[in-house]
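S.K.: Residue numbers for the sequence shown follow this note's numbering, beginning at 1358 and rising by one.
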Amino acid sequence: MKQFKTLGYDVDHAIATITLNRPDRMNALTDEMANDLIAAFDADDAVKAVIVTGASNRAFCAGADIGQGRALFDYSQRPQATAASARGEPLHI
């Protein structure tokens, strides 16, 4: 089973459950969490449905973690963007 630093990930009967796991920050999205989400969606080709939930009782996701500034939106720094560019493929965002 794939493990992520910022997410919980579980698959049961071809249904993946992804849990945003930063409850102390109301699951605010960071660049690391965004990269983990992308990897989680790509982790298992047998998955037919995905449930995304949050670990906080207060909020599913507070939005972008503004403590990161603009880094969250710098798509050129994402792993798949770098790999696609190296292969000469267009980047779809």
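Even for Gly, the Cβ is constructed at its ideal location relative to N, Cα and C.
Please state the DSSP three-state secondary structure of residue 1420.
M.R.: Within the sequence shown, numbered from 1, the residue matching residue 1420 stands at position 63. Of the three classes helix, strand and coil, the one that applies to residue 1420 here is coil, per DSSP.
S.K.: How is residue 1402 classed by DSSP in three states: helix, strand or coil?
M.R.: On the sequence shown, position 45 is the one that residue 1402 refers to. Of the three classes helix, strand and coil, the one that applies to residue 1402 here is coil, per DSSP.
S.K.: Does the beta-carbon of residue 1408 have 16 or more other beta-carbons within 10 angstroms, so that it is buried, or is it exposed?
M.R.: The residue labelled residue 1408 in the question sits at position 51 within the sequence shown. Its Cβ having fewer than 16 others within 10 Å, residue 1408 is exposed.
S.K.: Using CA atoms only, rank isn't needed, just tell me which of 1382, 1371, 1381, 1390 is closest to residue 1361.
M.R.: Against the sequence shown, residue 1361 aligns to sequence position 4. Out of 1382, 1371, 1381, 1390, 1390 has the C-alpha closest to the C-alpha of residue 1361.
S.K.: Between which two residues does the beta strand (DSSP E) holding residue 1373 run?
M.R.: For the purposes of this step, residue 1373 is taken as residue 16 along the sequence shown, with counting starting at 1. 1372-1377 is the extent of the beta strand (DSSP E) around residue 1373.
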